[in-house]
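Heads up: the sequence shown begins at -1 in the working numbering, then just goes up one per residue.
The beta-carbon is built from N, C-alpha and C at its ideal position, and this holds for glycine as well.
Just so we're clear, the structure is a prediction, and the values are computed from it rather than from any experiment.
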Amino acid sequence: MPSDMQVKSGIYIHIPFCTSKCLYCDFFSTPLKNESIRYDYEKAVIRELKRRLPELKGTVLRSVYVGGGSPSLMEAPFFSRISDIVSSAGTLLKDVEYTVEVNPHDISTDWIRELKDTGVNRISAGIQAFDDTVLKEMGRRTAVEDMINTLPDLAGSFKNLSVDMIYGIGSGRDIKSELSQIFEIIDPVHFSAYQYTPPEKKDAPAPLDEETSAAQEKTFTETLLKKGFRRYEVSNYSKKGFESVHNTTYWEMGTWLGIGAGARSFNSIKREHSFYDENTASFISGEGLSRYSPSLREQIEEFLLMGLRITEGIEIKRMENHFGTAFEKMIESSSLKSLIDEGLLKKNNGRIFCTEKGMDFLNTVLLKLFEFIKA
Ligand code: SF4
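Listed below in structure tokens is the structure:
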């Protein structure tokens, strides 16, 4: 078992292909023009993964996450090859959370059956809304019928099933009814509920007003708490023991190796970021990888930004260990005290964390702390 102070790591693989573009989408995604591009892209992912895997040296690999785009457009052997590479590097696959993002529109019973034998042990299903009118407004290719047809099969094969939804978008929504319809067909152990931020493009749907959006978020929280979920991060809820291992590595500023066009990496030991250009052709040809080292101030900001998203917050000792200096030497104690006095932050058991009110005003909390960073 890794000790608390060992650097934890994850691998992220980006599959940029989608068969159509959702109107609200702000991710790097591109149409899958033909099979040969998919084949070349697969080869490039495998090549880069093998080439860059040594960058995880000195860390404990805990997760693999294939996101997109639409990873469900890839075939089972691709996921098996990733498992083989991870295993041959000496990691026991059974100790790794291996997630694939799935669009319920793309998959069949055969695809699910084959995926089960690849080492993948967690599914993140992109539902977004369980209402055809809203799905149309979002420009999703998925319909409620697709979900009714494929989600029970997925749930039958993968106990560790997460559901992704978006609020703050779509007219006349009844979030409570959407959730209850989802629970009628599946029993997920994890929910992500993200607030919609419109991308900067002309045809993007307008967001709902703040009040409606806040009411929808409240409905998510109340309904999921009643169902036995715990809100462990601003946008994430889970049953006990099913918190996302992969995302926790981001929030705790571990190391992650991102492979694929547009994918980003962070090496927590070297304190170095790297990213591939959002360009499929250059990724395939082995170009477009850049690296940069953030300043100390940027590193402290990132650490606070990620750490305060989770309800357990930041373990002060871990932060001191990460930066090799006392907390008071990084941040003015007076700023912490005033945020505690305002009821936005708490300090307890060697951790600082947001109160419920602080979570609602996370940006305000962060800006105040950033102002008082001593670097
Ligand atoms: S499926 Fe996901 S990545 Fe693809 S266009 Fe829709 S939101 Fe974007």
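| Asked | Found |
| --- | --- |
| Status (buried if at least 16 other CB within 10 Å, exposed otherwise) for K181 | It should be noted that the sequence gives Phe, not Lys, for residue 181. Counting Cβ neighbours within 10 Å, F181 comes out exposed, since fewer than 16 surround it. |
| At least 3 beta-carbon pairs within less than 8 Å: the segment 241 to 260 vs the segment 272 to 291 | yes |
| Three-state secondary structure assigned by DSSP to P14 | coil |
| Distance between F321 and R139 (C-alpha atoms, nearest Å) | 46 Å |
| Opening and closing residue of the alpha helix (DSSP H) in which G305 lies | 294 to 305 |
| Through-space distance from I371 to P29, alpha-carbon basis | 43 Å |
| Any non-hydrogen atom of the ligand SF4 within 7 Å of C352 CB | no |
| Contact set for G356: own chain, Cβ-Cβ below 6 Å, skip 5 residues either direction | L342, L343, V363 |
| T217 burial status per 10 Å Cβ neighbour count (16 or more: buried) | buried |
| P203 and C23 closer than 8 Å at C-beta | no |
| Proximity below 8 Å, CB of F189 to CB of S160 | yes |
| R229 and K238 closer than 8 Å at C-beta | no |
| Nearest residue (CA-CA) to A141, options V118, I173, G117, D104 | D104 |
| In DSSP terms, what L113 is bridged to | DSSP output for L113 lists no bridge partner at all. |
| Residues of its chain near E369, where Cβ-Cβ distance is below 8 Å and the 5 sequence neighbours each way are ignored | S333 |
| Cα-Cα separation, Q297 to I121 | 31 Å |
| Own chain partners of V232 with C-beta closer than 7 Å, once the 5 adjacent residues on each side are dropped | R307, M357, L360 |
| Closer than 7 Å: S122 CB and nearest the ligand SF4 heavy atom | no |
| With 16 other Cβ atoms within 10 Å as the buried cut-off, status of R60 | buried |
| T57 in three-state terms, based on DSSP | coil |
| Contact check, A127 vs I164, beta carbons under 8 Å | yes |
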